[in-house]
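In the working numbering, the protein residues as written are 1 to 276.
Have a look at the structure below, then the notes.
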């Protein structure tokens, strides 16, 4: 009787455990590997320098060809407008890996203490960024720093850029933050359109597809957009490496910021393609 009861309990426990979904837990901070790569690898340095050297090499052609625009929103006529470059800020011209390192060490996550980090004004320049923009400045190109940092850290961002030697930062006018004006939300197309009214946008540099085109697209839609504009990469558009965060991650999470940590990890695990 006791043996039968024990077997029944074991079988019941096994059947129950088979219906419980796996709970995903973090065994280490998710940013650890990517931040170490950004802070310590020669490959990251070389990748950034390669992007900006390529942008500088393509700039002369962009300036000479007045039929050229790097903004999908820009409609002709624009050939007589003065040239401009748009650059994103975070992980495009300023390196925030120190902030991300703090998140790892503090076992925290974005946006914890993000505004405080911005106003420390300590972010160093991304390799190659200052040199590229200084050369563009010498050629008479207007530079717009278009960022999704909140407007409340606009002046902190401007001072950080100025301290790192970026051109056209004598005032905060060239720094265009999210919500600085009505209609300037997270979708940067409204700010690109604003610049396109007065300038011919010849190049754009960023670390996120949304810096160039599209907003809140699915993973498949993002891939299609990247392919649709294939001829623009390396000529009009210049993508910096950022394995730490971006809209690629938000697309995997279906742009749902209210997900639990366990569910976020489960969605990411479900997105893996092991090909086996």
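Ideal Cβ placement from N, Cα and C applies to all residues, glycine included.
CA-to-CA distance, residue 201 to residue 212, given in whole angstroms: 12 Å
For residue 76 and residue 142, believed in contact at Cβ under 8 Å, the rounded distance: That belief does not hold up - the Cβ atoms of residue 142 and residue 76 are roughly 19 Å apart, past 8 Å.
Assumed close pair residue 136, residue 209 - CB separation to whole angstroms, cut-off 8 Å: Contact doesn't hold; Cβ gap of about 23 Å is too wide.
Beta bridge counterpart(s) of residue 176 as assigned by DSSP: 146
Where the alpha helix (DSSP H) through residue 237 begins and ends: Taken as a continuous stretch (DSSP letters only), residue 237 belongs to no alpha helix (DSSP H), being part of the beta strand (DSSP E) at 237 to 239.
Integer-rounded CB distance, given that residue 57 should sit under 8 Å from residue 205: About 13 Å separates the two Cβ atoms, so there is no contact after all.
Inter-residue spacing [alpha-carbon to alpha-carbon] between residue 256 and residue 250: 8 Å
Short Cβ contact (9 Å threshold) for residue 132 with residue 226: no
Cα-Cα separation, residue 62 to residue 194: 20 Å
Coarse secondary structure for residue 128, derived from DSSP in three states: In the structure shown, residue 128 sits in coil (DSSP, three-state: anything other than H, G, I, E or B).
Per-residue burial, residue 239 [other beta carbons within 10 Å of its own, 16 or more giving buried]: Answer is buried; the Cβ neighbour count reaches 16.
Rounded straight-line distance, which links the Cα of residue 70 to that of residue 78: When rounded, the distance between both Cα atoms is 12 Å.
Supposed close pair residue 48, residue 126 - CB separation, criterion 8 Å: 5 Å
Three-pair Cβ contact test at 8 Å for the segment 114 to 123 versus the segment 157 to 167: yes
Separation of residue 272 from residue 168, as counted between CA atoms: 43 Å
Rounded separation between residue 32 and residue 217 - CA only: 27 Å
Residues bridged to residue 286 (per DSSP): The chain is shown only over 1 to 276; residue 286 falls outside these bounds and no answer can be derived.
Inter-residue CB distance, residue 35 and residue 100 (contact presumed, cutoff 8 Å): Between residue 35 and residue 100 the beta-carbon gap is near 5 Å, inside 8 Å, which marks them as a contact.
Span separating the alpha-carbon of residue 4 from that of residue 266: Caution is warranted here: a pLDDT of 46 is assigned to residue 4, below 50, making its placement in the model unreliable, and the coordinate value is therefore given only provisionally. Roughly 38 Å between the two C-alpha positions.
Nearest-angstrom Cα separation, counted from residue 196 out to residue 269: 41 Å
CB contact flag (residue 148, residue 109, <9 Å): In this structure, residue 109 does not lie closer than 9 Å to residue 148 by Cβ.
Whole-Å CB distance - residue 220 paired with residue 242, under 8 Å assumed: Residue 220 to residue 242, Cβ: 21 Å. No contact.
DSSP bridge partner residues for residue 94 (one or two, in chain order): 90 and 125
Sub-9 Å separation of residue 164 and residue 85 beta-carbons: Not a contact, by the Cβ cut-off of 9 Å.
Whole beta strand (DSSP E) elements within the segment 29 to 57, 3-residue minimum: Runs of the beta strand (DSSP E) inside the segment 29 to 57: none found.
Nearest candidate by alpha-carbon position, reference residue 181, set 161, 171, 152 and 198: 152
Residue range of the unbroken alpha helix (DSSP H) whose run includes residue 221: 219 to 228
With 16 other Cβ atoms within 10 Å as the buried cut-off, status of residue 28: exposed
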